[in-house]
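Visitor:
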Amino acid sequence: MIELTGKHVVLRPLERAHCRLLWERYEPEIQFPTEPLNVGASVEGAEEWFEDIQAKHGKTQVYVGIFTSAGDLVGEVQLANIDWRNRTANVGVGMTKREDRGKGYGTEACRLLIRHGFDQLDLVRVWSRTYEYNEAAQKLLQKLGFTLEGRERAAVYCSGKRWARLIYGLLRDEYEPVQSSGRHVEEG
2 MIELTGKHVV LRPLERAHCR LLWERYEPEI QFPTEPLNVG ASVEGAEEWF
52 EDIQAKHGKT QVYVGIFTSA GDLVGEVQLA NIDWRNRTAN VGVGMTKRED
102 RGKGYGTEAC RLLIRHGFDQ LDLVRVWSRT YEYNEAAQKL LQKLGFTLEG
152 RERAAVYCSG KRWARLIYGL LRDEYEPVQS SGRHVEEG
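First residue of the sequence shown? That's 2 in the numbering used here, and the numbers climb one at a time after it.
1. Beta carbon of residue 76, beta carbon of residue 108: below 8 angstroms?
2. Along the chain, which unbroken stretches of the beta strand (DSSP E) at least 3 residues long are found entirely within the stretch 39 to 98?
3. Per the DSSP calculation, residue 162 is bridged to which residue(s)?
4. So what does DSSP say about residue 151, is it helix, strand or coil?
5. Only counting the same chain, and skipping five residues up and downstream in sequence, which positions put a Cβ closer than 8 angstroms to that of residue 24?
6. Would you mind working out which of 79, 8, 66 and 26 sits nearest residue 16, comparing C-alpha positions?
7. Mapping DSSP to helix, strand and coil, what is residue 177?
8. Check each candidate in 60, 73 and 64 and name the one with the smallest Cα separation from residue 113.
9. Just to confirm the assignment, what range does the alpha helix (DSSP H) spanning residue 4 have?
10. Does residue 148 pass the burial test, meaning 16 or more other C-beta atoms within 10 Å, or should it be called exposed?
11. Quick check on the DSSP output: the beta strand (DSSP E) that includes residue 132 runs from which residue to which?
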């Protein structure tokens, strides 16, 4: 079991009940969604999501829950699409409730997991994609030290308009761990 501890958050594995809770609590952005909207999707989807996480964990992804220091589950963060040959992965983060967004939980969670990726998984590059309209994600990636590497023009249709998909990257030699972001703890 992996547990990464920061100043305000703890990252730990998601159990079946956690996936269901995140699924039920998720408050999407309707006008400009950051995730696909699963209109009409039942909570059974949470079961499939949990099974997918379990099947891929350690092989092509590291997927963990974001818990506050008080123990409240507020989101999830992952290194996905891990390419072990090329030592790259995609980072993504999601906060379920709007009231928990903008409090720094996602930033700290990303820092902890990226640090784990570089220091423990020996990754060389971490990348992320977001939409042109998602200014919060762009600010987060820039705060984490990512560089805008590319733009897929008119790649996404949302709210009656075409938007670009933005590609960001962070190389290990560009990354400077923030000392206050936490410590790494692993248990067997």
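Ideal placement from N, C-alpha and C gives every residue a C-beta, glycine not left out.
Guide: Taking the geometry as given:
1. Contact flag unset, no.
2. Runs of the beta strand (DSSP E) inside the stretch 39 to 98: 63 to 69, 74 to 84 and 89 to 96.
3. Note: residue 162 is bridge-paired with 159 in the DSSP secondary-structure output.
4. Residue 151: strand per DSSP, three-state reduction.
5. Only 44, 46, 47 and 50 meet the Cβ criterion.
6. Here the closest residue by C-alpha is 66.
7. Here residue 177 sits in coil by DSSP.
8. Nearest option by C-alpha distance: 64.
9. That residue, residue 4, is in no alpha helix (DSSP H); its beta strand (DSSP E) goes 3 to 6.
10. Using a 10 angstroms sphere on the CB of residue 148, the tally of other CB atoms stays under 16, which defines it as exposed.
11. For residue 132, the uninterrupted beta strand (DSSP E) segment begins and ends at 126 to 132.
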